[in-house]
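Chains as they are written, first to last, in the UniProt record's numbering: chain A, 1 to 508; chain B, 1 to 508.
Glycine included, each C-beta is placed from N, C-alpha and C at the ideal position.
Computed from a predicted structure; not experimentally measured.
These notes concern the structure reproduced below.
There are 2 protein chains.
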Amino acid sequence: LARALLLGRRGSAAAAKASAVKINEKASREKILTLESMNPQVKAVEYAVRGPIVLKAGEIEKELRKGIKKPFTEVIKANIGDAHAMGQRPITFLRQVVALCTYPNLLDSPSFPEDAKKRARRILQGCGGNSLGSYSASQGINCIREDVASYIERRDGGVPADPDNIYLTTGASDGIATILKILVSGGGKSRTGVMIPIPQYPLYSAAISELDAIQVNYYLDEENCWALDVNELRRSLNEAKAYCNPKVLCIINPGNPTGQVQNRKCIEDVIHFAWEEKLFLLADEVYQDNVYSEGCQFHSFKKILYEMGPEYYNNVELASFHSTSKGYMGECGYRGGYMEVINLHPEIKGQLVKLLSVRLCPPVSGQAAMDIVVNPPIPGEESYSQFIKEKESVLNNLAKKAKLTEDMFNKVPGIHCNPLQGAMYAFPRIFIPSKAIEEAKAHKMAPDMFYCMKLLEETGICVVPGSGFGQREGSYHFRMTILPPVEKLKILLEKVKDFHIKFLEKYA
Amino acid sequence: LARALLLGRRGSAAAAKASAVKINEKASREKILTLESMNPQVKAVEYAVRGPIVLKAGEIEKELRKGIKKPFTEVIKANIGDAHAMGQRPITFLRQVVALCTYPNLLDSPSFPEDAKKRARRILQGCGGNSLGSYSASQGINCIREDVASYIERRDGGVPADPDNIYLTTGASDGIATILKILVSGGGKSRTGVMIPIPQYPLYSAAISELDAIQVNYYLDEENCWALDVNELRRSLNEAKAYCNPKVLCIINPGNPTGQVQNRKCIEDVIHFAWEEKLFLLADEVYQDNVYSEGCQFHSFKKILYEMGPEYYNNVELASFHSTSKGYMGECGYRGGYMEVINLHPEIKGQLVKLLSVRLCPPVSGQAAMDIVVNPPIPGEESYSQFIKEKESVLNNLAKKAKLTEDMFNKVPGIHCNPLQGAMYAFPRIFIPSKAIEEAKAHKMAPDMFYCMKLLEETGICVVPGSGFGQREGSYHFRMTILPPVEKLKILLEKVKDFHIKFLEKYA
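Next up, the structure:
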């Protein structure tokens, strides 16, 4: 057809031939890798925490730098749990140890404390050639895995932990994605189903998309402080059995984005359910140090599992995850983390090490940072008092900001915010008027994406729409970190309040 | 059947019932995650560099520590390109900058040079909150990507490089696996085929297994110093078209495990072939600083692509990879690296950033290390002379060891070793007598695995069998690093020689 058209237009066979060649050439120069030809599972991945709203925030920052006038002077990135980016100072001791490991000449410097030097020497002895630049074992440096095991035992009141069950990881995300990768199998109705909370942290849905596994949603109870109800787990599981083989149950405790802290009873119920229904448990416990509400306490799944007796602790397969990125240290950039596995089949442990070995090892300086998180200064050591002061200052501040955020949001008409029991986010429910919903539809946007885009454009505040985490149909939320310094956070919350009131008026 | 047997054996209905319950209980407590139920693609992954031979080496090390007598006193791990583990010292300047970034109090210390401080300040300015502990952009820190682009321009004699095309990665492995992940699609005969050299670095075969893509082998020409011949590429491609959709061509230059350095003509031929056959090019150039043989020189695919003219440089889709792990710096543990993409579709760049953002960012201290690799001291700067001395000392030593290894291997009857033009490995061909092949078969081992196991058990030297990299049917090899210090390497080569001669005698 194209040739015929060209022939008609140009009226000469020679020209037609030349054009045909040109067309062929052009055809041969189409890209190999396009949206149409790419891996459809990767295409299906969504990751809202760094999604369109964050790209927009980047554009606005560029415009501000160019001097373009806006109703604000800076973009505040409350989209991601990145404490240092919000001005939190690193824990001195942790950085001293990592610096000593990086540049061992400093071991002779009188300006570094002995307890930091002692730890640095121990870590370096665990490294090939005493260098952070050597590959470690794929499972991580031995002595650091021993320190992790000791930490878990202390944390869990003496429940034993075996260094052989500890795997150091590239942040918690890497561990979670790796375990999911091993777990997924089967085709059609026997494809592996992975149960995740809604709202969830979108690493889960992204990993499930990449692996072409089946996402099985269970809903947290917003009316009940985002509690997990086993009846809802059962409903979700039973429905899923019709279309897949659900064999993994993911728990995030303390919750992200929802901030709830699970009580002992809830965890027991979940473990019993996993035992009964033969589900592999994934416990994402990266916010274990971030618990703020009176009467709330962090219980690890591992500890409760042991307390439930041998029928449980000899059988339930559990992987739990921790990280250097959150807590009081906030060392996201180091990509440090660990996972502990319980009741993993010995052959699977071999498979896991094999899979990890393809990527050689987690970053060794991140492993060193993880070591200080699990092996901090103890009473009597030189650095103890400064360490405790720094740690408590961060955690007390976070607790204050959690309460402040809840209180301020709940004073705004059309916003409801559950208590921030833990973690570092508010996930308030927002009322969006139907006129705004219509306008969002006209822009082909989720209503809360529309809301968050407007918030960003009018105030410079970058938060993530609830639709990026999942929420009950017809309800709308956003996730905002509570990491900015108190005074800044207050201003930010005032701005959100003013924006929201104006938004309600505009679309009334 | 089990119940009937039990009934027969125990002779009582009550006992049979009790046993049946026990059986059921046991059945209900089978593992969820087993070799049978796991992801079959992960199960299919093989990674010889850290495979069975390395596990065995670990066991032997444990036995030595326990005081068990062996014909040797230490295990020498010549299986992996880990320079620092073999005693190579880190480049002082690189570590100074990373230490300054880690613990910025040191910026006030008179014991650090100004040029290191200047770089550290620049890197920290690129970090959120001036901290290595912040997440960076998923693509990597802006100013480091700028430095990478400048480095590439200098390296390639002025061919332009755009920081927007640079992605910092978690080592080169991460970049390679990520690009492959985006590329793989289709089912049945239209499943993506990935062409890789044989012998190859097993990251490629492992990533292909994980992604359930189709591995398409092209053979390097051992008789011709492991050169790449385009006729062999064409043979391989044409055969593959019958069972898959080959759309990716992977090149490793300098070669791993084979050490050849491709000349300009070869690279031009490969680029022309990729252009003609519409193949996406992956150029693994992590050994770009490791070129030893007279008359050999590293040419980047990017540079040759530009020199071939606009028809090529406007069209051929290329991703090339570099790393902090090899070269003269050997900083494997930092997991630093970058990739440069050329002619990637803008929509695919968006998809790439999205996919990378799920893992948040590459380790920031690894990014800092990468910065120093691409932005080292220059003439006139305080640290220049020490830097150059350290760099040249490492590279001159490697060149010496490359020649020594080739020469010593070629003096052993039944071993033939091509020149080690580049990289950091010897991949000698070894003659294995048929009696040894039979014994290997009896042990269900590949003949070269059998050989390497014997070598390990008798000498403590750990090398990787050629079967882990791929080789022509009936030929046998092993890969050995040339990283041990010269004197140690000589002893090691003597030991291999003695072992080989005894092995030939034993199985004559």
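Name the residues in the region 326 to 345 of chain A whose C-beta lies less than 9 Å from a C-beta of chain D; which are they? The chain labelled as chain D is not found among the protein chains of the depicted structure, namely A and B.
Taking just the CA atoms, how far does ALA177 of chain B sit from PHE93 of chain A? Along the first sequence, read from residue 1 onward, the residue named residue 93 of chain A stands at position 93. Along the second sequence, read from residue 1 onward, the residue named residue 177 of chain B stands at position 177. Between PHE93 of chain A and ALA177 of chain B, the C-alpha separation is close to 36 Å.
Below-7 Å beta-carbon distance, GLY11 of chain A vs any chain B residue: Stepping through the first sequence from its first residue, residue 11 of chain A is reached at position 11. Per-residue confidence for GLY11 of chain A stands at a pLDDT of 40, beneath the threshold of 50, marking its modelled position as unreliable; no derived number is given.
Mind pulling the chain B residues with CB within less than 7 Å of SER134 of chain A? Here residue 134 of chain A corresponds to residue number 134 of the first sequence, with the count starting at 1. Per Cβ cutoff of 7 Å: ASP82, HIS84, ALA85, CYS332 and GLY333.
Using only the alpha-carbon positions, how far apart do ASN410 of chain A and CYS417 of chain A sit? Counting from one through the first sequence, the residue named residue 410 of chain A turns up at place 410. Counting from one through the first sequence, the residue named residue 417 of chain A turns up at place 417. Going by the C-alpha atoms only, they are around 6 Å apart.
Let me confirm a value: ALA508 of chain A is counted as buried when at least 16 other C-beta atoms fall within 10 Å, else exposed. Which label applies? Start at 1 with the first residue of the first sequence, and residue 508 of chain A comes out as number 508. Of the other Cβ atoms in all chains shown, fewer than 16 fall within 10 Å of the Cβ of ALA508 of chain A; this residue is therefore exposed.
For chain B, check one thing: does any of its Cβ atoms lie closer than 7 Å to the Cβ of ILE182 of chain A? Residue numbering aside, residue 182 of chain A sits at position 182 when the first sequence is read from its first letter. Cβ-Cβ to chain B under 7 Å: yes for ILE182 of chain A.
Less than 8 Å between the CB atoms is what I'm expecting for GLY133 of chain B and GLU331 of chain A, so what's the real figure, rounded? As a position in the second sequence, residue 133 of chain B is number 133, starting the count at 1. As a position in the first sequence, residue 331 of chain A is number 331, starting the count at 1. Contact annotation, GLY133 of chain B with GLU331 of chain A: C-beta distance approximately 4 Å; criterion of less than 8 Å satisfied.
For the region 217 to 229 of chain A against the region 182 to 194 of chain A, do three or more pairs of beta-carbon atoms, one drawn from each stretch, fall closer than 8 Å, so that the two count as touching? The count of Cβ pairs closer than 8 Å, one atom from the region 217 to 229 of chain A and one from the region 182 to 194 of chain A, stays below three, leaving the stretches out of contact.
On a Cα-Cα basis, can you pick out the residue from B:LYS497, B:ARG429 and B:CYS143 that is closest to GLY474 of chain B? The residue you call residue 474 of chain B lines up with position 474 of the second sequence. For GLY474 of chain B, the nearest C-alpha among the options comes from B:ARG429.
Close-in-space but distant-in-sequence residues of the same chain around LEU344 of chain B (CB under 7 Å, 5 per side omitted): Looking up residue 344 of chain B in the second sequence gives position 344. Excluding its 5 nearest sequence neighbours in each direction, LEU344 of chain B has C-beta neighbours in its own chain below 7 Å: GLU317, listed in chain order.
CB contact flag (ALA85 of chain A, TYR287 of chain A, <7 Å): To locate residue 85 of chain A, count along the first sequence from 1; it is residue 85. To locate residue 287 of chain A, count along the first sequence from 1; it is residue 287. Against a cut-off of 7 Å, the Cβ pair of TYR287 of chain A and ALA85 of chain A comes out as no contact.
Touching or not, the region 303 to 315 of chain A and the region 266 to 273 of chain A, by the rule of three or more beta carbon pairs under 8 Å? Yes, the region 303 to 315 of chain A touches the region 266 to 273 of chain A.
Please go through the same chain and pick out, in chain order, the residues whose beta-carbon is closer than 6 Å to the beta-carbon of ASN165 of chain B, but skip the five residues on each side of it. To locate residue 165 of chain B, count along the second sequence from 1; it is residue 165. The beta carbon of ASN165 of chain B lies closer than 6 Å to those of GLU340 and VAL341 in the same chain, with the five residues before and after it left out.
Let me see if you follow: with CB-CB separation under 7 Å, is VAL168 of chain A close to chain B or not? By one-based count along the first sequence, residue 168 of chain A stands at place 168. In the sequence under discussion, the amino acid at residue 168 of chain A is Leu, which differs from the Val named in the question. So, not an interface residue.
Coil, strand or helix - SER320 of chain B by DSSP: Position 320 of the second sequence, counting from 1, holds the residue named residue 320 of chain B. In the three-state DSSP reduction, SER320 of chain B falls in the strand class (E or B).
If you compare alpha carbons, which of A:LYS241, A:VAL463 and A:GLU505 is closest to ILE53 of chain A? Along the first sequence, one-based indexing puts residue 53 of chain A at 53. Nearest in C-alpha terms to ILE53 of chain A, of all of A:LYS241, A:VAL463 and A:GLU505, is A:VAL463.
Would you list the residues sitting across from GLY422 of chain B in a DSSP beta bridge? For the purposes of this step, residue 422 of chain B is taken as the residue at position 422 of the second sequence. Beta-bridge pairing links GLY422 of chain B to B:VAL291.
Closer than 8 Å by beta-carbon distance: list the chain B residues that pair up with PRO465 of chain A, in chain order. For the purposes of this step, residue 465 of chain A is taken as the residue at position 465 of the first sequence. Within chain B, no residue comes near PRO465 of chain A; the closest Cβ sits about 16 Å away, beyond 8 Å.
Nearest by alpha-carbon distance to ASP162 of chain B: which of B:GLU153, B:LEU168, B:THR170 and B:THR169 is it? For the purposes of this step, residue 162 of chain B is identified with residue 162 of the second sequence, where counting begins at 1. Shortest Cα-Cα distance from ASP162 of chain B to any of B:GLU153, B:LEU168, B:THR170 and B:THR169 involves B:GLU153.
Using 7 Å as the limit for Cβ to Cβ distance, is PRO485 of chain A near chain B? In the first sequence, residue 485 of chain A corresponds to position 485, counting from 1. Using beta-carbon distances, PRO485 of chain A does not count as an interface residue toward chain B, since no partner is under 7 Å.
How many angstroms separate the CA atom of LEU493 of chain A from the CA atom of GLN386 of chain A? Mapped onto the first sequence, residue 493 of chain A falls at position 493. Mapped onto the first sequence, residue 386 of chain A falls at position 386. Spanning the alpha carbons of LEU493 of chain A and GLN386 of chain A requires a straight line of approximately 32 Å.
Given that ILE348 of chain A touches chain B, what residues does it touch there, using C-beta distances under 8 Å? Taking the first residue of the first sequence as 1, we reach residue 348 of chain A at position 348. Within chain B, the C-beta atoms nearer than 8 Å to that of ILE348 of chain A come from LYS31, LEU33, THR34, LEU35 and MET38, in chain order.
Report the CB separation of GLY327 of chain B from THR169 of chain B in whole angstroms; it is logged as a contact under 8 Å. Taking the first residue of the second sequence as position 1, residue 327 of chain B is located at position 327. Taking the first residue of the second sequence as position 1, residue 169 of chain B is located at position 169. About 16 Å; that fails the 8 Å criterion.
Closest Cβ-Cβ distance between ASN315 of chain B and chain A: below 7 Å? Walking along the second sequence from the start, residue 315 of chain B turns up at place 315. Yes, its Cβ sits closer than 7 Å to a Cβ of chain A.
DSSP three-state call for GLU340 of chain B: helix, strand or coil? The count along the second sequence starts at 1 and reaches residue 340 of chain B at position 340. Of the three classes helix, strand and coil, the one that applies to GLU340 of chain B here is strand, per DSSP.
What residues of chain A sit near ALA206 of chain B, judged by a beta carbon separation below 7 Å? Position 206 of the second sequence holds residue 206 of chain B. At a beta-carbon threshold of 7 Å, the residues of chain A lying near ALA206 of chain B are VAL358, ordered along the chain.
Can you find the residues in the same chain that come closer than 7 Å, C-beta to C-beta, to GLY51 of chain B, ignoring five residues on each side of it along the sequence? By 1-based counting over the second sequence, the position of residue 51 of chain B is 51. The answer, listed in chain order, is GLY468.
Taking just the CA atoms, how far does PRO484 of chain A sit from ALA78 of chain A? Numbered from its first residue, the first sequence carries residue 78 of chain A at position 78. Numbered from its first residue, the first sequence carries residue 484 of chain A at position 484. Across the structure, ALA78 of chain A and PRO484 of chain A are spaced so that their CA atoms are roughly 8 Å apart.
In whole angstroms, what separates the C-alpha of LYS488 of chain B from that of PRO104 of chain B? Locating residue 488 of chain B in the second sequence gives position 488, counting from the first residue. Locating residue 104 of chain B in the second sequence gives position 104, counting from the first residue. C-alpha separation (whole angstroms): 39 Å.
Determine the burial state of ILE491 of chain A: buried for a count of at least 16 other Cβ atoms within 10 Å of its Cβ, exposed for fewer. Numbered from 1 along the first sequence, position 491 holds the residue referred to as residue 491 of chain A. Answer is exposed; the Cβ neighbour count stays below 16.
I believe residue 511 of chain A touches VAL42 of chain B by the beta-carbon criterion, under 8 Å. Please report the beta-carbon distance rounded to the nearest angstrom. What the structure shows of chain A is the stretch from 1 to 508, and residue 511 of chain A is not part of that stretch, so it cannot be assessed.
Identity of the residue in B:GLN139, B:LEU180, B:CYS244 and B:PRO90 nearest MET38 of chain A by Cα: Your numbering for residue 38 of chain A matches position 38 in the first sequence. Of the listed residues, the one whose Cα sits closest to MET38 of chain A is B:LEU180.
Looking at the unbroken beta strand (DSSP E) that takes in ARG479 of chain A, where does it start and where does it end? Against the first sequence, residue 479 of chain A aligns to sequence position 479. Counting along the chain, the beta strand (DSSP E) containing ARG479 of chain A begins and ends at 478 to 481.
Which same chain residues end up closer than 6 Å to ILE214 of chain B when comparing Cβ atoms and leaving out the 5 residues on each side of it in sequence? Numbered from its first residue, the second sequence carries residue 214 of chain B at position 214. Taken in chain order, the residues that qualify are ARG191, GLY193 and CYS244.
Residues in the region 191 to 206 of chain A having any Cβ partner in chain B nearer than 7 Å: Of all residues in the region 191 to 206 of chain A, LEU203 and ALA206 have a Cβ within less than 7 Å of some Cβ in chain B.
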